[in-house]
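Asker:
In my numbering, the protein residues as written are 10 to 313.
(1) Less than 8 Å between the CB atoms is what I'm expecting for residue 205 and residue 195, so what's the real figure, rounded?
(2) Got a sec, what are the start and stop residues for the beta strand (DSSP E) residue 212 sits in?
(3) Considering only C-alpha positions, which residue in the set 42, 36, 180 and 38 is nearest to residue 106?
(4) Is the number of C-beta pairs between the region 211-226 and the region 12-26 that are closer than 8 Å three or more?
(5) Shortest alpha-carbon distance to residue 45 belongs to which of 300, 226 and 173?
(6) Where residue 297 and residue 71 are concerned, what is the direct C-alpha to C-alpha distance, given to the nearest angstrom?
(7) Output the distance between the C-alpha atoms of residue 185 and residue 138, rounded to the nearest integer angstrom.
(8) What is the residue span of the beta strand (DSSP E) that residue 313 lies within?
(9) Kindly confirm or deny that the region 34-49 and the region 87-102 touch, where touching means at least three C-beta pairs closer than 8 Å.
(10) Based on DSSP bridge pairs, tell me the residues matched to residue 290.
(11) Return the bridge partner residues of residue 231 from the DSSP annotation.
(12) Roughly how far, in whole angstroms, is the beta-carbon of residue 189 from the beta-carbon of residue 156, given that I think they are within contact range, below 8 Å?
(13) Quick one: what does DSSP say residue 303 is sitting in, helix, strand or coil?
(14) What does a CB cutoff of less than 8 Å around residue 113 pick up in its chain, not counting 5 residues either side in sequence?
(15) Nearest CA to the CA of residue 69: which residue from 177, 30 and 247?
(16) Can you give me the C-alpha to C-alpha distance between residue 219 and residue 192, rounded to a whole angstrom?
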């Protein structure tokens, strides 16, 4: 059986589910796009092709294996996008929580059922139907569970709003000993440069006391200031609008001092190295065209 253990974002990684770009299917139609960045590339004729994305994911897997991480992959669904495993589930402490995802994506959970079958049944939960949560919106930090959400009254009109307030309350009840702090995120259906699809699109901790943040990703300045006060402004790398668009905050930590990052993120990668991190650079710019990057492609199961 798998003994799940995830209590933060950066402790030494031992086991993870990495998505797959194999048999990814054809370029979607515009009306099938789940986010504005994918839509932008569909319309421009620059949507990524399977061969390029598969090479990027292979490079990521090689880095994970270099550090001795056990890597699980989903079972293949022919002609279907299975890259972003972070959306379909997540682990808090020793509990696997299945996401209530967009209905069209339910098959992605079935494709990792063989992994879920290795977890004690009493450690696997599925929220009720009205509770929406995706793993990209859930972040663990010490005694906190950070949760990205959208508090607008038009929540149901936004396909880019993935975690609702019922999701926040569900986590509060499930983990009464944690401090659940929600963040109201900026959403856009048409402009990817102004759309924080998930919390990890505008914030992520790295190391033991640092983080990457995009101020304008938060609808309320108080939410941004909460993180500034918690981490200290000197410990936060502030990214710009274009850098948020390229997914600078969606790197992935293998250990407190090891971060996997996109090779073109020169300003961020320089800052990380200046602060004592080992930066493993991989190509991931094609996958980024779907408004997801390294963290989005992973579902950690065990960290030390």
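Every residue, glycine too, gets a C-beta built ideally from N, C-alpha and C.
Answerer: So, from the data block:
(1) The C-beta distance from residue 205 to residue 195 rounds to 5 Å, short enough to fall under 8 Å.
(2) Unbroken beta strand (DSSP E) run through residue 212: 212-215.
(3) Residue 106 has its Cα closest to that of 180, out of 42, 36, 180 and 38.
(4) Judged by Cβ distances under 8 Å, the region 211-226 makes contact with the region 12-26, as three or more pairs qualify.
(5) Residue 45 has its Cα closest to that of 300, out of 300, 226 and 173.
(6) Answer to the nearest angstrom: the Cα atoms are 19 Å apart.
(7) When rounded, the distance between both Cα atoms is 21 Å.
(8) Judged by DSSP secondary structure, residue 313 falls outside any beta strand (DSSP E); it is assigned neither H nor E.
(9) The region 34-49 is in contact with the region 87-102.
(10) Answer is 270.
(11) Partner(s): none; residue 231 has no beta bridge.
(12) Here residue 189 really is in contact with residue 156; their C-beta atoms are around 6 Å apart, less than 8 Å.
(13) Residue 303: coil per DSSP, three-state reduction.
(14) For residue 113, where only same-chain residues beyond five positions count, there are no Cβ hits under 8 Å.
(15) The shortest CA-to-CA distance from residue 69 to any of 177, 30 and 247 is the one to 30.
(16) Each residue's Cα considered, the two are about 18 Å apart.
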